[in-house]
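A short write-up of the structure that comes next.
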Amino acid sequence: MDGASQRRVAKEIPESQFVTSVKDLVFLLLKEDGEPEIIPTLVPGFGVYYVLAGFHIPAENILSCYKEAFLDVKGFISFPSCSICRSTSLRLEVLCPNCRQSDLLQLDLVVHYECGFMGGVEDFIKDSQGVIERCPKCNKPLKRVGIDYGRPGLGFRCQRCGAIFQYPLISLRCDKDHTTTLDKINLERYPIFGVSSELKKARPILELIQKIKAELEQSLNVKTEVLKIVKGKSGALYLAHILIHLDGKVAAIEVLSEGGDVTEAMKVVVKAADLGIHFIVLLDEEKMLEFGRVLNPAYFTLVPIKGRRFEDIKEILLELVHSFVFEK
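Under the numbering used here, think of the first position of the sequence shown as 3, with each following residue one higher.
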């Protein structure tokens, strides 16, 4: 499939699907140790791609949604592009400077200084030892390299027009069939991405969040979104750990970090007030009393959890979600 065809296919896929897919791949990266970098790669004949968790994704799909997929820009890499349309889908062409055809044969060149004949070493007359002896054009003896004849190195013979030359014409052709030379190419800068600091904070709870999502969808057949960026009434953006949707109703599940302080609870209060939705808050059972003074039960449902063990809260969580989305 050529670059243009791939772009056509890409445009037929909803942007929301790309966002979800990219985000899922970023979650896979988050499970790896270290600080993974997502580096753009130029695929000859196709353009620039990013590789996430083994999947090649066209650059334009990443660039359109990287913030929603929790990626931060760490640096840049530049790639050559067409001087006419700026496509990075380029292929190198080595051409005859005389007829501009690409049927070339590489030669080890020899030049007879006196008559000016230039050809491949195989064109010259040799003695029984394979040493150059005479010029095939004028038949004069060639005894001393550098005086009678020269060996300038590699060259080319065009198989179409017969021209012999040292330096071919280097051209670049894009997927739209535009041609440009090396001295006229453009450069396109593409970012190097890393996982955002905001998502890194969620790394310890990611496995728990994904277990909850899977159980809610399987047992209650509700739509869920994990680690979703949502805009509040004030215009501020918030990260919701899990959003639950059913028949126009929306609720959220928030997982507080183990050992967190009351400041973290206050942030959830601000988030819930601005979003205007009910929050089910999973928190360390030792913090229930302290956080209960901040998280008003009229707007929050508190669920104690110990050691991130999902099995301990599975039934009560299903009951709470069922009560909210099916009964209220």
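Glycine included, each C-beta is placed from N, C-alpha and C at the ideal position.
In terms of residues, what are the limits of the alpha helix (DSSP H) holding residue i?
i    : result
P193 : No alpha helix (DSSP H) contains P193, which is instead part of the beta strand (DSSP E) from N188 to V197.
K289 : Careful: K289 lies outside any alpha helix (DSSP H) and carries neither H nor E.
V264 : V264 to L277
I64  : A61 to L65
To which residues does DSSP link residue i through a beta bridge?
i    : result
I318 : DSSP, once it has assigned bridges, lists no residue as partnering I318.
E227 : L245
C176 : L92
I214 : Answer is none; I214 lacks a bridge partner.
R153 : Bridge partners of R153: none, in fact.
F332 : Lying before the first or after the last residue shown, residue 332 is absent from the chain, which here runs from 3 to 330.
L171 : L97
H58  : V53
Y240 : V232
P206 : In DSSP, P206 forms no bridge with anything.
F158 : Q108 and F167
K308 : Paired residue(s): none; K308 is not in a bridge.
I127 : R136
V147 : Y151
Where do the N-terminal and C-terminal ends of the beta strand (DSSP E) with residue i fall, by residue?
i    : result
A253 : K251 to V257
R136 : I134 to R136
F78  : L73 to S83
Q108 : L106 to H114
V53  : G49 to L54
P42  : P42 to V45
G36  : Segment: none, G36 is in no beta strand (DSSP E) and carries neither H nor E.
G122 : M120 to G122
Contact check, residue i vs residue j under 8 Å by CB: the rounded distance?
i    : j    : result
V96  : P38  : Actually they do not touch by this definition, with Cβ atoms about 38 Å apart.
R175 : T181 : 5 Å
Q103 : R162 : 4 Å
L32  : L54  : With a Cβ gap of about 11 Å, L32 and L54 do not count as contacting.
C98  : C160 : 4 Å
V305 : L319 : 6 Å
S80  : L189 : 4 Å
C137 : F119 : 6 Å
L73  : V197 : 7 Å
S173 : P206 : With a Cβ gap of about 54 Å, S173 and P206 do not count as contacting.
V270 : E256 : 5 Å
L218 : T226 : 5 Å
L222 : H324 : 6 Å
G121 : I166 : 6 Å
The segment 151-164 touching the segment 105-120, judged by at least three CB pairs closer than 8 Å
Contact check between the segment 151-164 and the segment 105-120: three or more CB pairs, one atom from each, fall below 8 Å, which counts as touching.
May I ask you to verify whether the segment 231-244 touches the segment 274-285, counting CB pairs closer than 8 Å and requiring at least 3?
Output reads yes: the segment 274-285 touches the segment 231-244.
If we count Cβ pairs, one from each stretch, closer than 8 Å, do we get three or more for the segment 80-94 versus the segment 42-50?
In short, these stretches touch, since the Cβ pair count reaches three.
Can you find at least 3 beta carbon pairs, one from the segment 188-196 and one from the segment 47-65, that sit closer than 8 Å?
By the criterion of at least three beta-carbon pairs nearer than 8 Å, the segment 188-196 is in contact with the segment 47-65.
Segment contact, 8 Å Cβ cut-off, at least three pairs: the segment 154-166 with the segment 130-146:
Judged by Cβ distances under 8 Å, the segment 154-166 makes no contact with the segment 130-146, as fewer than three pairs qualify.
Tell me whether the segment 280-293 and the segment 301-319 touch, counting them as touching only if at least three CB pairs, one residue from each stretch, are closer than 8 Å.
Touching, per the Cβ criterion.
So, do the segment 247-267 and the segment 290-298 have three or more beta carbon pairs nearer to each other than 8 Å?
The segment 247-267, when compared against the segment 290-298, does touch it at the 8 Å Cβ threshold.
Could you say if the segment 210-220 and the segment 242-250 meet the contact criterion of at least three C-beta pairs nearer than 8 Å?
Between the segment 210-220 and the segment 242-250 there are three or more C-beta pairs closer than 8 Å, enough to call the two in contact.
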